[in-house]
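Only one structure is covered here, and it is reproduced in the block below.
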Amino acid sequence: MKKIALQLWEAQENRRALRRFTKSNPAFSLAEGYLVQRELRALHLKAGAKLVGYKMGMTSKAKMAQMKIDAPILGFLTDRMECADGGEVSLSARIQAKVEPEIVFVTGRELSGRPSPQAALAAVASLSGGLEIIDSRYENYDFQLPDVVADNCSSAAFVRGSSARRPAQVAGMANLGILLEVNGRPSQFGSSAAILGDPARSLAELVALLDAQGESLPAGSVVLAGGATAAVSLAKGDHVRATFEGLGAVEFTAV
Ligand code: OOG
Ligand code: MG
Numbered sequence: 001m002k003k004i005a006l007q008l009w010e011a012q013e014n015r016r017a018l019r020r021f022t023k024s025n026p027a028f029s030l031a032e033g034y035l036v037q038r039e040l041r042a043l044h045l046k047a048g049a050k051l052v053g054y055k056m057g058m059t060s061k062a063k064m065a066q067m068k069i070d071a072p073i074l075g076f077l078t079d080r081m082e083c084a085d086g087g088e089v090s091l092s093a094r095i096q097a098k099v100e101p102e103i104v105f106v107t108g109r110e111l112s113g114r115p116s117p118q119a120a121l122a123a124v125a126s127l128s129g130g131l132e133i134i135d136s137r138y139e140n141y142d143f144q145l146p147d148v149v150a151d152n153c154s155s156a157a158f159v160r161g162s163s164a165r166r167p168a169q170v171a172g173m174a175n176l177g178i179l180l181e182v183n184g185r186p187s188q189f190g191s192s193a194a195i196l197g198d199p200a201r202s203l204a205e206l207v208a209l210l211d212a213q214g215e216s217l218p219a220g221s222v223v224l225a226g227g228a229t230a231a232v233s234l235a236k237g238d239h240v241r242a243t244f245e246g247l248g249a250v251e252f253t254a255v
């Protein structure tokens, strides 16, 4: 598993995408994918990054249809992946970056076991709109479930909207309209309902997936609930802005 993690790490360092592992080894399993992800996380931490939270992936029909994968998966987030709202996101080290709008939670207390969506939401300190930059380390985003899990679910960077709200301040969290604009033109429309019917369900599902791995979600974790629309390819110079009903806007310029 260490060898595969190192291959993924080097693919990123050298900006050279790999052929998916399930092609040469069809027996490569989801459990092995998570073991590789664990090794990859160790490589990030060894390089000095700090774990700040997790992301859910494949939680919406739009993403499942785009990527032809139909089970929610999790990846880790580090401090080095975070970029400032309104700032610049560098594509120099990226292979084939895309962007997607996300709902971002920050937890106020530890979550463990298998909480209900309500119980998960009760542990949320704040939420905001966000943008996730993904960058598959596989040629043309051609992967199967074990491959994408090994590759930390294509994680590359994320931006949190600067206007965070408490859950009680956000009415109808399970159906907030989302608009993604690129260079001032509407690109994708969606709703938070696309995220497993309710982003709180995605948070609860994350805790259950972590529990199955013998982990809990610490207080103060950042959680991306999963893309609500299909992801859009990014080019240098693109200005990306997402507006979330009740949560305000978040934006960056790709450089
Ligand atoms: C995998 C990333 C999945 C999401 O929000 O569904 C993800 C990919 O699409 O390459 O981040
Ligand atoms: Mg995502």
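The numbers in the working numbering rise by one with no breaks, and the one at position 154 of the sequence shown is 154.
Here a beta-carbon is modelled for each residue, glycine too, at the ideal position from N, C-alpha and C.
Exercise. Run through DSSP, which three-state label would Ile178 get?
Worked result: Residue numbering aside, residue 178 sits at position 178 when the sequence shown is read from its first letter. DSSP places Ile178 in strand when its eight states are reduced to three.
Exercise. Which partner residues does Ala249 have in the DSSP bridge list?
Worked result: Position 249 of the sequence shown, counted from the start, is the residue given in the question as residue 249. In DSSP, Ala249 forms a bridge with Thr243.
Exercise. Who are the Cβ neighbours of Ala230 in its own chain at under 6 Å, not counting the five residues just before and after it?
Worked result: Along the sequence shown, read from residue 1 onward, the residue named residue 230 stands at position 230. For Ala230, the CB contacts under 6 Å within the same chain, skipping 5 residues up- and downstream, are Ala62, Gln66 in chain order.
Problem set entry | Through-space distance from Lys2 to Ala42, alpha-carbon basis | The residue given as residue 42 occupies position 42 in the sequence shown. The residue given as residue 2 occupies position 2 in the sequence shown. Cα-Cα distance, rounded: 10 Å.
Exercise. Can you tell which of Cys83, Ala194, Ala49, Asp70 has its C-alpha closest to the C-alpha of Val149?
Worked result: Taking the sequence shown and counting its residues from 1, the one referred to as residue 149 is at position 149. Residue Asp70 holds the alpha-carbon nearest to the alpha-carbon of Val149 among Cys83, Ala194, Ala49, Asp70.
Exercise. Which residue from Gln169, Cys153, Arg185, Asp142 puts its Cα closest to that of Gly75?
Worked result: If you number the sequence shown from 1, residue 75 lands on position 75. Of the candidates Gln169, Cys153, Arg185, Asp142, the one whose C-alpha sits nearest the C-alpha of Gly75 is Cys153.
Problem set entry | Which listed residue (Ala120, Ala157, Phe252) has its alpha carbon closest to that of Asn183 | Position 183 of the sequence shown, counting from 1, holds the residue named residue 183. The residue with the shortest Cα to Cα distance from Asn183 is Phe252.
Exercise. Should Val148 be listed as close to the ligand OOG, given that the test is whether its C-beta is under 7 Å from any heavy atom?
Worked result: The residue you call residue 148 lines up with position 148 of the sequence shown. Yes, the Cβ of Val148 comes within 7 Å of a heavy atom of the ligand OOG.
Exercise. Can at least three beta-carbon pairs, one atom from the region 108-127 and one from the region 88-97, be found at a separation below 8 Å?
Worked result: No: fewer than three Cβ pairs fall under 8 Å.
For this session: Can you give me the Cβ contacts of Pro117 inside the same chain, cut-off strictly under 8 Å, excluding the 5 residues immediately before and after it?
Result: Counting from one through the sequence shown, the residue named residue 117 turns up at place 117. Around Pro117: Asp198, Ala200, Arg201, Leu203, Ala204.
For this session: Could you pull out every unbroken beta strand (DSSP E) segment of at least 3 residues lying fully inside the region 160-217, listed in chain order?
Result: Those beta strand (DSSP E) runs which fall completely within the region 160-217 and span 3+ residues are 177-182, 185-191.
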